[in-house]
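A.B. asks:
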């Protein structure tokens with residue numbers, strides 16, 4: 022009877038000492054791995070980011086939220102540092118959409134916009150198209166009254 026009581030006590034202590042799921046999952050090299058969520062508050066009620074890491078790098082779809090809870094930005098990470106990004110108005114409509122790239126350089130990571138970025142009005146209609154080359158705007162095209170794009 023006594024060994025059974027000791028076994029019960031030790032098992033109760035062992036389960037009481039286990040913690041909740043760790044905040045970060047790490048791979049063998051100590052880099053972040055798997056799904057993750059970050060929060061604005063310690064109570065973990067106001068979601069800030071939601072995404073997934075593979076070997077320390079963000080992969081797939083990431084969502085970024087404002088403190089009020091609405092979606093601010095969504096990024097889809099691709100290979101070789103490319104990502105598709107969409108910024109949103111508080112109403113949930115797309116504000117602007119385009120492509121970016123992150124490059125590892127000797128002085129640190131360099132993030133820049135590239136290619137065509139489409140800018141939308143709060144009503145959802147296309148307002149302008151801006152073209153970027155390594156983070157520098159090279160052209161802007163505005164929509165005319167007849168909904169055609171005009172260079173300026």
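Numbering (my numbering), first residue to last: 22 to 173. Backbone N, C-alpha and C define an ideal beta-carbon position, used for all residues, glycine too.
#1: Grab me the residues of residue 46's own chain with a C-beta within less than 6 angstroms of its C-beta, minus the 5 sequence neighbours each way, in chain order.
#2: With DSSP collapsed to three states, give me the class of residue 101.
#3: Is residue 152 near residue 133, with beta carbons less than 8 angstroms apart?
#4: Does the segment 65 to 72 come close enough to the segment 84 to 101 that 3 or more CB-CB pairs lie under 8 angstroms?
#5: Only counting runs of 3 or more residues, tell me where the beta strand (DSSP E) segments fall wholly within the segment 43 to 108, in order along the chain.
#6: Compare the C-alpha of residue 52 against each of 63, 71 and 78 and name the closest.
#7: Rounded to whole angstroms, what's the CA-CA distance from residue 103 to residue 48? Just pull it up for me.
#8: Where residue 94 and residue 121 are concerned, what is the direct C-alpha to C-alpha distance, given to the nearest angstrom?
#9: Under 8 angstroms between the Cβ atoms of residue 57 and residue 73?
#10: Which stretch, first to last residue, makes up the beta strand (DSSP E) that contains residue 116?
#11: Report the three-state DSSP secondary structure of residue 175 (helix, strand or coil).
#12: Near residue 150, which residues of its chain fall below 8 angstroms by C-beta distance, leaving aside the five closest residues on each side in sequence?
#13: For the putative contact between residue 108 and residue 117, defined by C-beta atoms under 8 angstroms, what is the C-beta separation to the nearest angstrom?
C.D. replies: Taking the definition as stated:
#1: Cβ within range, chain order: 54 and 55.
#2: helix
#3: no
#4: yes
#5: 55 to 60, 68 to 75, 78 to 86 and 92 to 98
#6: 78
#7: 23 angstroms
#8: Each residue's Cα considered, the two are about 13 angstroms apart.
#9: A contact, by the Cβ cut-off of 8 angstroms.
#10: 115 to 126
#11: Nothing about residue 175 can be reported from this structure: the residues present for the chain run from 22 to 173 only.
#12: 137, 138, 139, 140, 161, 162 and 170
#13: Indeed, because the Cβ distance is near 5 angstroms, the residues count as touching under 8 angstroms.
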